[in-house]
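Working notes for the structure below.
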Amino acid sequence: MKDTKKEPECKEMPCCCQRKTEREAEEKKKLMNRLNRIEGQIRGIQKMLENDAYCNDILVQSSAVSAAMNAFNKELLSSHIHSCVIRDIQEGKTEVVDELMNTLQKLMK
């Protein structure tokens, strides 16, 4: 008979509930610091809009946020490849390569 237990539902972020990655404290701190800076940049753009800043100035700041997110993604992707992907391949879970390719396609849009 099949096991019919369902995984617990996660309503906030359903894509994140199935698997987890434990990170070293230093790596997590580094990533969180990047995100906090990006959050500050976003708040700055919101303030610019509230204050009717010149469109071009807002666009320049928006571009800086995009660059910061790209840097965050590169760092996280590198970590993912060096840890999760290598581990899964060594365990014979080669489907991780397809998952990685799908992720790369999304990042390159």
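Be aware that the sequence shown starts at -5, since it is given in the working numbering, and climbs by one per residue. Every residue, glycine too, gets a C-beta built ideally from N, C-alpha and C. The structure displayed is predicted, hence computed values, not measured ones.
Start-to-end residues for the alpha helix (DSSP H) that takes in V79 | Per DSSP, V79 belongs to no alpha helix (DSSP H) and is neither H nor E.
Pairwise C-alpha distance: K24 and E93 | 25 Å
What residue does the alpha helix (DSSP H) around K41 start on, and which one ends it?
-> 19 to 44
Take A58 and list the residues in its own chain whose beta-carbon comes closer than 7 Å to its own, dropping the five residues that flank it on each side.
-> Q35
Output the distance between the C-alpha atoms of L101 and G86, rounded to the nearest integer angstrom.
-> 25 Å
Output the residue ranges of the beta strand (DSSP E) runs that lie fully inside the stretch 64 to 102 and measure 3 residues or longer, sorted by chain position.
-> none
Alpha carbon to alpha carbon, what distance is there between I39 and S121?
-> As displayed, the chain neither begins before -5 nor continues past 103, which places residue 121 out of reach and without an answer.
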